[in-house]
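Protein chains in written order, with our numbering: chain W, 196 to 398; chain Y, 196 to 398. Idealized CB from N, CA, C, for every residue including glycine. Small disclaimer: the values here were computed from a predicted structure and weren't measured.
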């Protein structure tokens, strides 16, 4: 039994990058998923009321990006020096900003506000980010940073189904280099085996 | 002349943590500040249209948290091992989430939406985060993580005037342990010298 446990909803979303990274490195973990009906009871016990959380050796950590970076160090998918790690961290935070902008629209409860946000998001924000991401993926030969496979690629791939779900379309259908990023990650045997065997969820 | 250059508005806000960290370590940099009137012309040339940017040895990086982490490595204010860095990264991202929630209110252009956001922010979100931050600072002896001085403390101190400006009050006036975090950073001679000599700005 692994001493690593990831606790999250039964979805990919914010936990999947870490799951993919650990599986890539052949590191086993307890994939502890809960249902939405259980969340109200669990939430008060979570750090800052949020998941995923990551447990190891009796210690608990939170924040999905920080957890993914930690997992990346375990499996040697970080940069070769501090500057490379800065470049990786910067694009990961930018991908996460992109997620945040889509989420601000998707989770908006007020229909009027949501409608007002739709145009700017779909006509300005999404094309702006996708164009830059596509160019970065092209410049880095099918990767998001430093011209090789890093956890930035896993971070994007882990989020993509969730992003697509929130916007109701395949964001990268016209982005061949972003498709290459996905292929470069998902074709790795350990990763492919996880994708084929993991719980099937929409997001 | 230093080969490090930080480019940002003439404010503390998202650049100040990195400035404080470099000054702490006695590392000189070009403090390149521009006025709001220049921003429209500069913005298209910035990575993802954002600042601060950090330049060193002819290379450019973006994303304020990533830049601050890089500066922290230079001045040895990171953790002693990967788990400590996970704890530091997690609280930094949580402080940054707190900033994001305040900013979403502060920069809201629609007066009706802004008014609707005011109650939940001031009566729920801010007290929720401050109570937890205060407890963390107490548990860590006047620090934000791993019981000692790290860049997480600098990150909070660097943002605080900006946060206070956005909410129109001193967020930590009733939080003695968060005041201790501020004191622990600002009383360091190199830091104090910078604070006494830097351009005086509200945020």
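- Distances from the CA of residue 352 of chain Y to each of Y:213, Y:266, Y:312, Y:204 were compared; the closest alpha carbon is that of Y:213.
- Residue 213 of chain W carries a helical assignment under DSSP once its states are collapsed to helix, strand and coil.
- Only 256, 257, 258, 259, 260, 261, 262, 264, 265, 268, 269, 277, 278, 280, 281, 282 from the stretch 256 to 282 of chain Y bring a Cβ to less than 9 Å from some Cβ of chain W.
- The residues 375, 376, 379, in chain order, have a CB closer than 6 Å to that of residue 337 of chain Y in the same chain once the five nearest residues on each side in sequence are set aside.
- Nearest neighbour of residue 301 of chain Y by Cα position, chosen from Y:206, Y:363, Y:232, Y:397, turns out to be Y:363.
- In this structure residue 258 of chain Y is buried. Its beta-carbon is surrounded by 16 or more other beta-carbon atoms within 10 angstroms.
- The criterion of a C-beta distance shorter than 8 Å is satisfied by residue 383 of chain Y and residue 219 of chain Y.
- In the structure shown, residue 383 of chain W adopts coil according to DSSP, grouped into three states.
- Listed along the chain, the chain Y residues whose CB falls inside 7 Å of the CB of residue 243 of chain W are 289, 327.
- When W:271, W:341, W:246 are compared, the shortest CA-CA separation from residue 281 of chain W is found for W:341.
- When secondary structure is reduced to three states using DSSP, residue 303 of chain Y falls in the coil class, being assigned neither helix nor strand.
- Only exposed fits residue 387 of chain W, as fewer than 16 other CB atoms lie within 10 angstroms of its CB.
- Taking a beta-carbon distance threshold of 8 Å, residue 285 of chain W counts as an interface residue toward chain Y.
- Across the set W:312, W:306, W:243, W:290, the C-alpha of W:290 shows the shortest separation from the C-alpha of residue 332 of chain W.
- In the displayed model, residue 271 of chain Y falls within coil according to three-state DSSP, outside both helix and strand.
- Only those residues of the stretch 365 to 396 of chain W whose C-beta falls short of 9 Å from the nearest C-beta of chain Y would be listed, and there are none.
- Counting along the chain, the unbroken alpha helix (DSSP H) around residue 334 of chain W starts and ends at 321 to 334.
- Taking one beta carbon from each stretch, the stretch 234 to 248 of chain W and the stretch 202 to 216 of chain W have 3 or more pairs nearer than 8 Å; the two touch.
- According to the DSSP secondary-structure assignment, residue 257 of chain Y is paired through a beta bridge with Y:248.
- In this chain, the beta strand (DSSP E) harbouring residue 229 of chain Y covers 225 to 229.
- If the five residues before and after residue 372 of chain Y are omitted, its C-beta is found closer than 7 Å to the C-beta atoms of 329, 332, 333, 337, all from its own chain and listed in chain order.
- Residues of chain Y whose Cβ lies closer than 8 Å to the Cβ of residue 199 of chain W do not exist; the shortest such Cβ separation is about 12 Å.
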